[in-house]
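Residue numbers (my numbering): 11 to 463. C-beta: ideal position from N, C-alpha, C; glycine also. Okay, so here's the structure we're looking at.
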């Protein structure tokens, strides 16, 4: 049986219940407040009406020559208030005592009396008026509070009857609001299911019109899908390039072996030399792949230790000078001395060697200018390393991809020993140390690789 507990409900349903619950609680609080304040309000209104009725009663009464004259317009029952007229000695002159009211209640000028009898609540107000001759009269106003109490009870009953209808309306309104609010979520879910069920990573989640939280969520997920798509494309290219790079030397080896088997002993040496050459090429690519693998696996466990990076740069220049001399390239250094850095010294050295090796490999071979490579180290707010050359340069359309694995600017002209792994390793090492690598290059002028650590 499907679990229908509250925690397993959909967010839309829970939001509807939250909304309805809040509205019902607010309605109950309002009802309770009305009931608590209704009694006080009824008494306040009753006192105002009672006082006004008593004061107006004196307008129809005159007292002359010890004679009380009550105008015919005098109304003993005014707006629910019973008016009684008493002499100054306390004798009732006009008006009928309401049934159940305690007749022995003493007269007190300007005072209210709240009385309770069996089944009735009474409110009385007394007022004494003195005339010019020194005599005066009393008027007592009597009001029953049962009328107001009955009205409150009727309103309360009506509220209780309407409460279920209010709950139903709140549920419908809450469901409608939740459905409307989560409509973008449904669209995002549908698009995500479409992406998940197919192989097309070019599909993106709808962003919606309003730049709210769901908009930023979809935007963030789209950025993640962009990275996933790029990673899948790179993996496909990686597989294709590895297959291509391995296929070529293997095909040559097989062809040379078949040729050697068909020839006499004099041709064996040349065929085996070709086999050796292709085997060395495959070995070189495997070694670079292993270095890439080690680099990826090392980024989270770098062997950080403080070392003199100035001395390291000088060592790289000295180590690469032989290769540079063989290719008629001069290497010079502009290295700030005694710069210390805490990082993985082996990986930093590999990064610098890759950059210098590339600068030598892709030198200007036209003979129109003397090829050079310059290594610059400078420390200010960060440590900056630059490898500058005046080689063939890199075009704008290729600069964005040179750090991808197995990417070559021009495969038809690239050195056969190059597999497009050196610069990708440079980028990984720099980022593993919390740094970055940038390139500025102009074709046939030269390139500058800048690393910031």
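Item: How is residue 376 classed by DSSP in three states: helix, strand or coil?; Value: coil
Item: For residue 462 versus residue 446, is the C-beta distance shorter than 8 Å?; Value: yes
Item: Taking residue 345 as part of the alpha helix (DSSP H), name the residues at either end of that continuous run.; Value: Counting along the chain, residue 345 falls outside any alpha helix (DSSP H), though it belongs to the beta strand (DSSP E) covering 340 to 345.
Item: Who are residue 87's beta bridge partners in DSSP?; Value: 92
Item: Closest to residue 72 by C-alpha separation, out of 140, 92, 325, would be which residue?; Value: 140
Item: What is the DSSP secondary structure of residue 28, reduced to helix, strand or coil?; Value: helix
Item: Indicate whether residue 401 and residue 381 have their beta-carbon atoms separated by less than 8 Å.; Value: yes
Item: Curious, which full-length beta strand (DSSP E) runs of at least 3 residues does the stretch 112 to 175 contain?; Value: 122 to 127, 130 to 140, 146 to 154
Item: Give every residue of the same chain whose Cβ lies closer than 8 Å to the Cβ of residue 389, excluding the five residues on either side of it in the sequence, and list them in chain order.; Value: 346, 349
Item: Whose CA, out of 454, 410, 455, 453, lies closest to the CA of residue 433?; Value: 410
Item: For residue 136, which of 365, 30, 61, 413 has the nearest alpha-carbon?; Value: 61
Item: Give the secondary structure of residue 461 by DSSP, where H, G and I count as helix, E and B as strand, and everything else as coil.; Value: strand
Item: Between the beta-carbon of residue 373 and the beta-carbon of residue 337, is there less than 8 Å?; Value: yes
Item: Alpha carbon to alpha carbon, what distance is there between residue 37 and residue 172?; Value: 11 Å
Item: Please confirm whether residue 96 and residue 152 have their CB atoms less than 8 Å apart.; Value: no
Item: Which partner residues does residue 73 have in the DSSP bridge list?; Value: 78
Item: Which one of 212, 332, 114 has the shortest CA to CA distance from residue 235?; Value: 212
Item: Helix or strand or just coil, what does DSSP make of residue 263?; Value: helix
Item: Check whether the stretch 52 to 70 and the stretch 104 to 119 are in contact - that is, three or more C-beta pairs closer than 8 Å.; Value: no
Item: Nearest CA to the CA of residue 118: which residue from 134, 103, 125, 128?; Value: 134
Item: Buried or exposed: residue 290, going by 16 or more other Cβ atoms within 10 Å of its Cβ?; Value: exposed
Item: May I ask which residues mark the beginning and end of the beta strand (DSSP E) holding residue 394?; Value: 393 to 399
Item: In terms of DSSP beta bridges, what is residue 387 paired with?; Value: 345, 395
Item: Name the two residues that bound the continuous alpha helix (DSSP H) containing residue 328.; Value: 319 to 336
Item: If you count every other CB in all the chains shown that lies within 10 Å of the CB of residue 199, and 16 or more means buried, which is it?; Value: exposed
Item: Going by DSSP, what residues sit across from residue 353 in a beta bridge?; Value: 315
Item: DSSP state of residue 424, grouped into three classes?; Value: Confidence is the limiting factor: at residue 424 the pLDDT is only 45, short of 50, which leaves the residue's position unreliable and the question unanswerable from this model.
Item: What are the boundary residues of the alpha helix (DSSP H) that residue 411 is part of?; Value: It is not in any alpha helix (DSSP H) - residue 411 carries neither H nor E in the DSSP assignment.
Item: Below 8 Å, how does it come out for the stretch 24 to 38 and the stretch 172 to 185: are there three or more Cβ pairs, yes or no?; Value: yes
Item: Relative to the C-alpha of residue 537, which residue among 102, 344, 181 is closest?; Value: The structure shown does not extend to residue 537, since the chain is modelled only from 11 to 463, so the question has no answer here.
Item: What three-state label does DSSP hand residue 102 in the structure shown?; Value: strand
Item: Report the residue from 458, 437, 112 whose alpha carbon sits nearest the alpha carbon of residue 128.; Value: 112
Item: What is the DSSP secondary structure of residue 446, counted as helix, strand or coil?; Value: strand
Item: To which residues of the same chain is residue 453 closer than 8 Å at the C-beta, ignoring the five residues directly before and after it?; Value: 402, 403, 404, 405
Item: Would DSSP call residue 456 helix, strand or coil?; Value: strand
Item: In three-state DSSP terms, what is residue 109?; Value: coil
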